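Residue numbers (my numbering), protein chains in the order written: chain H, 1 to 114; chain R, 1 to 112.
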């Protein structure tokens, strides 16, 4: 079965650079979530989109923005990168057509800031 | 106080053992509950959803106690391949949808 696809898998950037992470949800999933997981931490919710509109916002820094496109893929744009942004970034997708649907996670993007 | 709290772990058990993990959540409006398994440096993988009546999937049994805001996961006949971190997750803003809030995870190590 098709899963959530994220790219790139690994990304190395320097401080103050920008980065764009991409997420392709499971087909027919209408909701995308972004999470950040620092070393030894649990995943922290950043932002979500439902039917291409921002749905909820979590602990996403103002330096980050995201959007969901007409084909339901989503991009997380990160600017003025800081050392503390080094983390695993996961995208998850689900559908709101039915209640209690679980979220399925992509493999993640490992971002390292030098 | 964290919104979702789990047993601190780690749990080191021999193959074949039965092990139970507990999780408590603070938002009484949460409607959806899940257990995820995460291997080192990999994505969380859905293990099972947790339903009010309790549910079982092979060697895994999940229970929910809404009155006590408590979720549990029981693993019977542990296998070496069960070694992982187990994350409890609940919906964050109440209702049955929305972002997940995770516990810090409980690490399980199954030894031969």
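Just so it is clear, CB atoms sit at the ideal spot from N, CA and C, and this is done for glycine as well.
Please read all numbers here as calculations on a predicted model, not as lab measurements.
{"query": "Straight-line CA distance for residue 68 of chain R to residue 19 of chain H?", "result": "43 Å"}
{"query": "Beta-carbon separation of residue 74 of chain H and residue 49 of chain H under 8 Å?", "result": "yes"}
{"query": "Could you name the residues of chain H that residue 122 of chain R contacts, counting a contact when the two beta carbons are closer than 7 Å?", "result": "Not covered by the structure: residue 122 of chain R. The range shown for chain R is 1 to 112."}
{"query": "Do you know whose CA, among H:22, H:92, H:84, H:90, lies nearest residue 112 of chain H's CA?", "result": "H:84"}
{"query": "The beta strand (DSSP E) with residue 75 of chain H in it runs from where to where?", "result": "74-78"}
{"query": "For residue 106 of chain H, go through chain R and note every residue whose CB falls closer than 9 Å to its CB, in chain order.", "result": "43"}
{"query": "Give the straight-line distance between the Cα atoms of residue 7 of chain H and residue 17 of chain R, rounded to the nearest whole angstrom.", "result": "39 Å"}
{"query": "Does DSSP classify residue 47 of chain R as helix, strand or coil?", "result": "strand"}
{"query": "Starting from residue 20 of chain H, trace the beta strand (DSSP E) in both directions and tell me its first and last residue.", "result": "19-24"}
{"query": "If we ignore side chains and look at the alpha-carbon of each, how far apart do residue 78 of chain R and residue 110 of chain R end up?", "result": "7 Å"}
{"query": "In the segment 46-73 of chain H, which residue ranges form an unbroken beta strand (DSSP E) of at least 3 residues, counting only runs that do not cross its ends?", "result": "53-57, 64-68"}
{"query": "In the DSSP assignment, find the beta strand (DSSP E) that holds residue 5 of chain R and state where it starts and stops.", "result": "4-6"}
{"query": "Measuring alpha carbon to alpha carbon, tell me which residue in H:34, H:11, H:9, H:97 is nearest residue 76 of chain H.", "result": "H:34"}
{"query": "So, under 8 Å CB-CB, residue 87 of chain R and residue 44 of chain R are touching, yes? Tell me the CB distance rounded to an integer number of Å.", "result": "6 Å"}
{"query": "For residue 21 of chain R versus residue 85 of chain R, is the C-beta distance shorter than 8 Å?", "result": "no"}
{"query": "Going by Cα to Cα distance, which pick from H:93, H:91, H:61, H:108 is closest to residue 81 of chain H?", "result": "H:61"}
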